[in-house]
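This report concerns only the one structure given below.
Number of protein chains: 2
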Amino acid sequence: MKLICTQSDLNTNLSLVIRAVPSRPTHPVLGNVLLTGNPDTQQVRLTAFDLSLGIQTSFAANVLQGGEIAIPAKLLNDIVSRLPDGEITLEDEVGETVNETETDRRIVTLTSASGRYQVRGMSSEEFPELPQIAGTAVSLPVEALVDGLRGSLFATSSDETKQVLTGVHFTMQQDTLEFAATDGHRLAVVKTTNQAVADSEKADEEGSAAEDSKASQNSYTPSNEASQLELTVPARALRELERMFAPHQPTDTVALYLEPGQIIFQGGNQRLTSRTLEGQYPPYHQLIPRQFQRQLTIDRRQLLSSVERIAVLADQKNNVVKFSIDSVNQQLSLSVEAQDVGSGQESMSAQVTGESIDIAFNVKYLIDGLKALSTSDIQIQMNAANSPVILTPLGGRKMIYLVMPVQLRN
Amino acid sequence: MKLICTQSDLNTNLSLVIRAVPSRPTHPVLGNVLLTGNPDTQQVRLTAFDLSLGIQTSFAANVLQGGEIAIPAKLLNDIVSRLPDGEITLEDEVGETVNETETDRRIVTLTSASGRYQVRGMSSEEFPELPQIAGTAVSLPVEALVDGLRGSLFATSSDETKQVLTGVHFTMQQDTLEFAATDGHRLAVVKTTNQAVADSEKADEEGSAAEDSKASQNSYTPSNEASQLELTVPARALRELERMFAPHQPTDTVALYLEPGQIIFQGGNQRLTSRTLEGQYPPYHQLIPRQFQRQLTIDRRQLLSSVERIAVLADQKNNVVKFSIDSVNQQLSLSVEAQDVGSGQESMSAQVTGESIDIAFNVKYLIDGLKALSTSDIQIQMNAANSPVILTPLGGRKMIYLVMPVQLRN
Chain C
1 MKLICTQSDL
11 NTNLSLVIRA
21 VPSRPTHPVL
31 GNVLLTGNPD
41 TQQVRLTAFD
51 LSLGIQTSFA
61 ANVLQGGEIA
71 IPAKLLNDIV
81 SRLPDGEITL
91 EDEVGETVNE
101 TETDRRIVTL
111 TSASGRYQVR
121 GMSSEEFPEL
131 PQIAGTAVSL
141 PVEALVDGLR
151 GSLFATSSDE
161 TKQVLTGVHF
171 TMQQDTLEFA
181 ATDGHRLAVV
191 KTTNQAVADS
201 EKADEEGSAA
211 EDSKASQNSY
221 TPSNEASQLE
231 LTVPARALRE
241 LERMFAPHQP
251 TDTVALYLEP
261 GQIIFQGGNQ
271 RLTSRTLEGQ
281 YPPYHQLIPR
291 QFQRQLTIDR
301 RQLLSSVERI
311 AVLADQKNNV
321 VKFSIDSVNQ
331 QLSLSVEAQD
341 VGSGQESMSA
351 QVTGESIDIA
361 FNVKYLIDGL
371 KALSTSDIQI
381 QMNAANSPVI
391 LTPLGGRKMI
401 YLVMPVQLRN
Chain E
1 MKLICTQSDL
11 NTNLSLVIRA
21 VPSRPTHPVL
31 GNVLLTGNPD
41 TQQVRLTAFD
51 LSLGIQTSFA
61 ANVLQGGEIA
71 IPAKLLNDIV
81 SRLPDGEITL
91 EDEVGETVNE
101 TETDRRIVTL
111 TSASGRYQVR
121 GMSSEEFPEL
131 PQIAGTAVSL
141 PVEALVDGLR
151 GSLFATSSDE
161 TKQVLTGVHF
171 TMQQDTLEFA
181 ATDGHRLAVV
191 KTTNQAVADS
201 EKADEEGSAA
211 EDSKASQNSY
221 TPSNEASQLE
231 LTVPARALRE
241 LERMFAPHQP
251 TDTVALYLEP
261 GQIIFQGGNQ
271 RLTSRTLEGQ
281 YPPYHQLIPR
291 QFQRQLTIDR
301 RQLLSSVERI
311 AVLADQKNNV
321 VKFSIDSVNQ
331 QLSLSVEAQD
341 VGSGQESMSA
351 QVTGESIDIA
361 FNVKYLIDGL
371 KALSTSDIQI
381 QMNAANSPVI
391 LTPLGGRKMI
401 YLVMPVQLRN
C-alpha cells in the first residue's frame with residue numbers, strides 16, 4: 001500500500017475512530033486501527049472496533065497503491081497528531097524486517113517534512129469485521145438526533161449493574177423516534193418527528209426505487225408490534241455519536257439501521273455501530289401523570305442559577321432543597337437548612353396556578369434537568385408533594401423531564 | 001461587623017487566599033478564611049494560613065462597622081463565586097442562635113440581590129497569626145520574579161522524601177537574586193539582576209530615611225557570608241506566588257523579606273508567607289562545566305517539536321532519544337529505536353562547532369528544559385557523551401539548564 005494524504009485529514013479522522021479503541025484490549029488486534037486505501041475511489045478508510053462499539057470514517061487521499069493494514073491506534077495517533085501541517089506519505093512493506101515466525105507483522109513507514117517514522121503493523125485479516133448495514137432504516141436530520149441525545153443521555157444510569165438503564169431506549173414509530181432514559185430516580189423523554197421516514201416510506205409504498213440516498217436503500221418495514229420497533233443503546237456509544245455528529249450541519253441527514261442486537265448510524269463519511277443492551281426496558285409511559293393540580297411557569301436560567309447557589313449548602317447536608325410555591329404572591333422560594341453549617345434562601349416570581357404547596361427535591365436531579373431543557377421559560381407541573389413532577393420546555397424540543405420529589409423531614 | 005462590597009472583589013480575593021487553605025485541615029480553624037473589616041481604612045482583608053503557606057489580600061469596601069471573623073473558606077468561596085454581579089452585604093451577629101457551650105460560634109449573613117445566605121463562623125481569636133514582616137528586604141520587579149520562578153520551578157523534585165530538592169533555592173547577593181532548582185537529574189539556574197536592591201542599599205548607606213516604599217523600610221543588611229543570604233522555599237508556595245503575581249504589571253514591585261526559617265513576599269495589596277525548607281542545598285555551581293569542546297546553536301521551537309514527536313516512540317521504550325551531531329554537514333539528527341514497536345528519525349540544520357558526536361538524553365528532561373528556555377534560538381554546550389550538557393538561551397533571561405546525558409546502549 002502507498003498513499004499520500006494531508007496531516008490534517010489523517011489526524012481529524014484518527015481522533016474520531018480512536019474513541020472506539022479500548023484502552024485495555026481483550027485481544028491485541030483490537031488496540032489497532034484498520035487503515036484501508038482504495039485506489040478506485042481514492043479514499044482512505046479508518047476503522048476501530050471493540051466488538052461492541054465500532055467507528056468507521058473515510059476521507060479523500062492520493063492512493064497510489066491499494067491495501068489494508070492494522071496499525072497500533074494510540075501510537076499512530078500520537079505520532080500523527082504531532083506531525084507538522086502538510087503532506088504525509090504512508091507506505092507499508094512486507095519483507096526485509098519480517099520475522100519468519102511472525103509473517104503477519106508488517107512495517108508501516110510515515111514520511112513527513114519533519115522526519116520518518118516506522119511502526120510495526122499487523123495483517124488486516126485478524127481485524128474483526130464491522131457489522132454490515134442491514135435491518136430497518138430510518139433517516140433523520142443531525143439536529144433531531146443531537147437534540148434527542150442531549151435531552152436523554154444525561155439521565156442514564158452510570159451503575160453498570162443496572163443494565164438496560166445504562167442505555168437510551170429508542171422507540172421508532174411510523175413518523176417519530178422517541179429517546180428515553182431513566183436511572184430509577186428521574187426520567188427524560190424526547191420525541192423527534194421525523195419527516196424523512198414518512199418520505200422513504202411513501203417512496204416504498206409507491207414502489208419507486210430508492211435513489212442515491214443511502215437511507216432509502218433499506219425501506220422502513222413496519223414490525224408486528226403495531227409499527228413499533230424498540231431497542232436500547234449503550235450510553236457510551238451514544239456519547240461518541242453525539243461527539244461525532246454535533247459538528248455536522250444541523251440539516252445533514254443521519255441514517256439509522258436497526259436490527260435485533262445491533263444499531264448502525266451512518267452520516268456523510270462516518271459510521272458508528274453499536275450492539276444493543278438486552279433486557280426489557282421499564283414501561284416508563286405509565287409513570288407520567290396525565291393531569292396536574294398545580295402548575296408553575298418560570299424563567300429557566302434564573303431558577304438554575306438559584307438552585308446551583310443553594311446546592312452549595314444542600315451539598316453539606318442531604319442534597320435536598322425545599323420549594324415553597326406561593327400562589328397568592330405568585331412566587332417561588334427555595335430554601336436549605338444545613339444544621340451546624342448554615343442556611344440559604346432565594347426567591348423569584350413565577351406564574352402559579354393551583355394551591356400553594358411545599359415540595360422538596362434532590363438538587364442534583366433538578367440541576368441536570370434544568371440544564372437539559374434548552375428554552376428560556378419552562379413549565380413545572382405537579383399534583384402533590386409525594387407524586388411525580390414534570391418539567392417541560394415552553395417551545396423548543398418536545399421533551400419531558402420527570403423527577404420524584406423527596407420527603408420533607410418536618 | 002457590617003460591610004458592603006462587590007461580588008467581583010470578594011470573589012477575586014477569596015479565590016486567591018483559598019489556595020492556602022488545606023483540603024484536610026489538621027485543626028478546624030485552618031479550614032477557615034479570616035475576614036477583617038477595617039472602618040478606618042475602608043478595607044477588607046482576607047487571610048488564609050496552613051501554618052506553612054500563608055496568603056493575605058486586601059480590597060476596598062464600604063466598612064460600616066469593623067470586626068473580624070473566621071468563616072469556612074470553601075463554603076464561603078462556593079457561595080460567593082455563584083452569586084450574581086453586584087453588591088453583597090456581609091454582617092455577623094453574636095446572639096440568638098449562639099449555643100451557651102459554644103460561645104465562639106457566630107453567624108455570618110450574606111445578602112445579595114438573589115437571596116440570603118447564613119454561614120456559621122468562628123471567633124477570630126483561634127486563627128493563627130501570619131508571620132510579621134521582618135528580616136532582610138530586597139525588592140524586584142514582578143517580571144524578574146515571575147521569570148525566575150518560570151525558569152526554575154519545573155526542575156524541583158516532586159518526591160517529598162527529597163526535602164530541600166522539593167524547593168527552589170534563593171541566593172541573594174548585593175545586586176543579584178539567583179533561583180536554582182534540581183531533582184538530582186537536571187539543574188535549572190536563573191539569575192536576576194536587581195537594581196532595586198542597589199538603590200535601597202544606597203539609600204541606607206547614605207543614611208537617608210526610607211520613603212513611602214515598603215521595600216525600603218527594611219534595608220539590605222549584608223550577611224557575614226560575603227554579603228550572601230541563602231534559603232530554600234517550598235515549590236508549592238512558589239507555584240501560588242507565580243499564580244498570584246503573573247497577572248500583575250511586569251514593572252510592579254515585589255518586596256522580599258528574608259529571615260531564617262521564613263520568607264515573605266509583598267506586592268500591592270497581596271502578601272504571601274512561607275516557611276523555608278531545612279537542610280543544606282547541594283553546591284550546584286560545582287556541577288556546571290567552565291569550558292566546552294562542542295557547541296550547537298539551534299532553533300528552540302523546531303527542536304522542541306521534534307523531541308515531542310520522537311518522544312512518542314521513546315515513551316514505548318526507556319525514554320531515551322539519540323542526538324547525532326554532525327559538524328561536517330552542520331546538522332542534528334534525532335533518532336529512537338523502540339524494538340518490536342517502531343522507530344523514528346528527524347533531522348534539522350544547526351550551527352555546530354567542535355567534532356561530531358553521538359549523545360543520548362532522557363526526552364522528558366529535554367522537553368522540560370526546551371519549554372522553560374523562552375528565546376527563539378538556544379545554545380547547547382557539551383564536552384563528552386557522558387558529561388553534563390548545558391542549554392542556555394541566546395538573549396532573554398539569564399538562565400542555565402544543565403542535563404546529564406544517558407548512556408547509549410550500543
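Residue numbers (the UniProt record's numbering), protein chains in the order written: chain C, 1 to 410; chain E, 1 to 410. C-beta atoms are modelled at their ideal positions from N, C-alpha and C, and glycine is treated no differently.
At a cut-off of 8 Å between beta carbons, TYR284/E makes no contact with chain C.
HIS248/C and VAL142/C have their alpha carbons spaced roughly 7 Å apart. Per DSSP, the unbroken beta strand (DSSP E) holding GLY121/E starts and ends at 115–123.
Here the alpha carbon of LEU229/E sits roughly 30 Å from the alpha carbon of LEU370/E. With contacts defined as CB atoms closer than 8 Å, VAL29/C and VAL17/C fail to qualify as a contacting pair. Excluding the 5 residues flanking it on each side, LEU3/E has same chain C-beta neighbours closer than 7 Å at GLY37, VAL44, ALA61, ASN62, VAL63, LEU64 and LEU90, in chain order. Closest by C-alpha distance to LEU35/C, out of LEU75/C, SER124/C, TYR117/C and ILE79/C, is SER124/C. In the structure shown, the three-state DSSP call for GLY342/E is strand. Using a CB distance cut-off of 8 Å, ARG120/E counts as an interface residue toward chain C. TYR117/C has a beta carbon lying within less than 8 Å of a beta carbon in chain E. If you check the CB distance, LEU334/C and ILE298/C do not come in under 8 Å. Classified as buried, GLN345/C has 16 or more neighbouring CB atoms from the shown chains inside 10 Å of its CB. Against GLU346/E, the close residues of chain C are SER114 and GLY115, in the order they occur along the chain (beta-carbon pairs closer than 7 Å). Taking 8 Å as the upper bound on Cβ-Cβ separation, chain C lies near residues LEU75, ASP78, ILE79, ARG82, LEU83 and PRO84 of the stretch 75–94 of chain E. Residue nearest to PRO388/C within the set GLY267/C, PRO260/C, TYR401/C and LEU394/C is TYR401/C (criterion: CA-CA distance).
In this structure GLU178/C is buried. Its beta-carbon is surrounded by 16 or more other beta-carbon atoms within 10 angstroms.
Nearest C-alpha to ASN319/E among ASP50/E, TYR365/E and LEU391/E: TYR365/E. Residue pairing by DSSP places THR57/E opposite LEU46/E and GLN270/E in a beta bridge. Annotated as distal: ALA20/E and LEU46/E, with beta-carbon spacing of 8 Å or more. Looking only at THR392/E, LYS162/E, PRO289/E and MET382/E, the smallest Cα-Cα distance to THR375/E is reached by THR392/E. SER139/E counts as buried, since at least 16 other C-beta atoms from the protein chains shown sit within 10 angstroms of its C-beta.
Closest by C-alpha distance to ARG271/C, out of GLN280/C, GLU242/C, PRO260/C and ARG294/C, is GLU242/C. Residue contact with chain E for GLY342/C: present (Cβ-Cβ distance below 8 Å to some residue of chain E). The stretch 291–340 of chain E contains, as complete alpha helix (DSSP H) runs of 4+ residues, the segments 300–314 (chain order).
At a cut-off of 8 Å between beta-carbon atoms, GLU126/E makes no contact with chain C.
The stretch 66–75 of chain E and the stretch 290–309 of chain E do not touch, with fewer than 3 CB-CB distances between them shorter than 8 Å. The criterion of a C-beta distance shorter than 8 Å is satisfied by THR136/E and GLU259/E. For ARG301/E, no chain C residue has a C-beta closer than 8 Å to its own C-beta; the minimum C-beta separation is roughly 11 Å. Interface annotation, ARG309/E: in contact with chain C, CB-CB separation under 8 Å. The beta carbon of GLN381/C is closer than 6 Å to those of PHE292, GLN295 and ILE390 in its chain, skipping five residues each way along the sequence. LEU165/C has its alpha-carbon roughly 44 Å from the corresponding atom of ASP85/C. Judged by DSSP secondary structure, PHE154/E falls outside any alpha helix (DSSP H); it is assigned neither H nor E. Just measuring C-alpha positions, the residue of LEU394/E, MET399/E, ASN386/E and GLY396/E sitting nearest LEU408/E is ASN386/E.
Rounded to whole angstroms, the Cβ separation of ARG186/E and ALA155/E is 6 Å, and the two are in contact under 8 Å. Counting only the Cα atoms, SER327/E lies some 11 Å from ASP358/E. Counting every other CB atom within 10 Å of its CB across the protein chains shown gives ALA113/C a total below 16, marking it as exposed.
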